[in-house]
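At position 121 of the sequence shown the residue is numbered 161 (our numbering), and the sequence of numbers has no breaks. Backbone N, C-alpha and C fix where the C-beta goes; we use that ideal spot for every residue, glycine too. Owing to the predicted nature of the structure, the values given are computational and were not obtained by experimental measurement. Contents: one structure, followed by commentary.
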Amino acid sequence: MSLVDWPATEKYEINLEAGIAEEEKRTAAEDEAELKAEAARSPTVAPGLKLPDTGGVYLLDIYQNKPELIELVQSGGEIHKNMGKNILRAAINPIALSSKQTIEIKGARGRVQAHAMQPVIYVDISEGDAGNDATSDADKEDTASDANKDANKKDANMPKAPALERRFRIVRLEKKKDTRVIGNLKIMFYGKMSQQENWVPAQVEPVSSEWVKVTPTVPLKPGEYAVAEMLGEKEMNLFVWDFGVDPSAPENPPAWTPVQPKTTPMGTEETPVLQPRPH
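Here's what the structure looks like:
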């Protein structure tokens, strides 16, 4: 007579194998989800070159036949009246006649100069890191009611957000002594303002859930440009990401360049990663 309960043993082994298979399936699904999330945060834009997962706005350039990523820094446009006086209250205190003003960026030349005639700009559109919000849940509940009331009041005056394909645009800047002009601002005698900019045809496409790319549809002439964010169909954020196009300019320091896989003594290769170019 056998002392082993073979049916029970077989059942145990079947359940054990099923449990292991289910765990492997769950782990594989989690790994796949993590890979997709990582790809969304840091998509590949060229062989061996990925966007950083820290966000920002980056220009993809070609320098000496090699792709490079350069971060664009946001610059604030200042409104200046033609007579030289800074004015921000024209819409509130209308003047007798129409007034023309300019929206200007300091400096005659952008810090970043693209060598490619059709550079691609990548913009992070994620809402930001929720972990940076130090407000406690209790505080949020206490202020939620007041915030909702304020939001309802502001919604009526807020411009309607444009569709993604019209949210970011490229504008040609005009040089003016030691500044660059984004556009002109006309203020009518009754206080209504209208902006006039030199728009460049561009295509806006989603790259992932967190990034979009802005590509000029025609080669850009040498000169100064900026990527502008539209707040509404007729309203533009005066903080823009400026750059220039100059094929003869020196290399942009610092820049992100592709890292080639390194062959190890065992013959394996390391995964390419994004690293800053030595400078």
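For residue j and residue i, believed in contact at Cβ under 8 Å, the rounded distance
i: Asp286; j: Pro262; result: 6 Å
i: Val240; j: Leu260; result: 7 Å
i: Ala295; j: Leu109; result: 6 Å
i: Ile145; j: Arg220; result: 5 Å
i: Pro202; j: Gly95; result: No, Pro202 and Gly95 are not in contact; Cβ-Cβ is about 21 Å, not under 8 Å.
i: Val365; j: Leu204; result: There is no way to answer for residue 365, as the model of the chain reaches only from 41 to 319.
Sheet register partners of residue i (DSSP bridge)
i: Leu213; result: Glu264
i: Pro256; result: Ala242
i: Ile161; result: Leu99, Val254
i: Val365; result: An answer regarding residue 365 cannot be provided, because it is not within the stretch 41 to 319 covered by the chain.
i: Glu64; result: Paired residue(s): none; Glu64 is not in a bridge.
i: Ala154; result: Val285
i: Glu275; result: Answer is none; Glu275 lacks a bridge partner.
i: Leu89; result: Ala86
i: Glu269; result: Phe208
Separation of residue j from residue i, as counted between CA atoms
i: Asp93; j: Val152; result: 21 Å
i: Gly116; j: Phe279; result: 4 Å
i: Ala86; j: Gln104; result: 15 Å
i: Leu347; j: Ala242; result: This structure leaves residue 347 out entirely; the chain is present only between 41 and 319.
i: Val97; j: Glu250; result: 12 Å
i: Leu91; j: Ile102; result: 15 Å
i: Glu269; j: Phe208; result: 5 Å
i: Pro246; j: Ile60; result: 39 Å
i: Gly150; j: Lys200; result: 31 Å
i: Ser82; j: Glu275; result: 30 Å
i: Tyr52; j: Glu63; result: 16 Å
i: Glu147; j: Lys217; result: What sits at residue 147 in the sequence shown is Gly, not Glu. Taking the straight line from one Cα to the other gives about 9 Å.
i: Val254; j: Lys65; result: 39 Å
i: Ile143; j: Asn277; result: 11 Å
i: Lys106; j: Thr297; result: 8 Å
i: Glu291; j: Ala58; result: 58 Å
i: Leu112; j: Ser288; result: 19 Å
i: Trp46; j: Ile54; result: 12 Å
i: Ile222; j: Pro293; result: 25 Å
i: Asn238; j: Gly284; result: 15 Å
i: Glu50; j: Ser248; result: 48 Å
i: Arg206; j: Leu89; result: 27 Å
i: Ala48; j: Thr84; result: 52 Å
i: Gln114; j: Ala154; result: 16 Å
Residue interval of the alpha helix (DSSP H) (run including residue i)
i: Glu205; result: 204-207
Run of the beta strand (DSSP E) containing residue i, from where it starts to where it stops
i: Glu111; result: 106-111
i: Val247; result: Taken as a continuous stretch (DSSP letters only), Val247 belongs to no beta strand (DSSP E), as it is neither H nor E.
i: Gly280; result: According to the sequence displayed, residue 280 carries Val and not Gly. Note, Val280: beta strand (DSSP E), 279-285.
i: Asp101; result: 97-103
i: Ser115; result: 114-116
i: Ala86; result: 84-86
beta-carbon residue i near the ligand COA non-hydrogen atom, thresh 7 Å
i: Trp281; result: As far as ligands go, the structure on display features none, and thus does not contain the ligand COA.
Sufficient close CB pairs (3 or more, under 8 Å) joining the stretch 264-277 to the stretch 212-225: Yes, the stretch 264-277 is in contact with the stretch 212-225.
Segment contact, 8 Å Cβ cut-off, at least three pairs: the stretch 245-258 with the stretch 148-165: The count of Cβ pairs closer than 8 Å, one atom from the stretch 245-258 and one from the stretch 148-165, reaches three, so the stretches are in contact.
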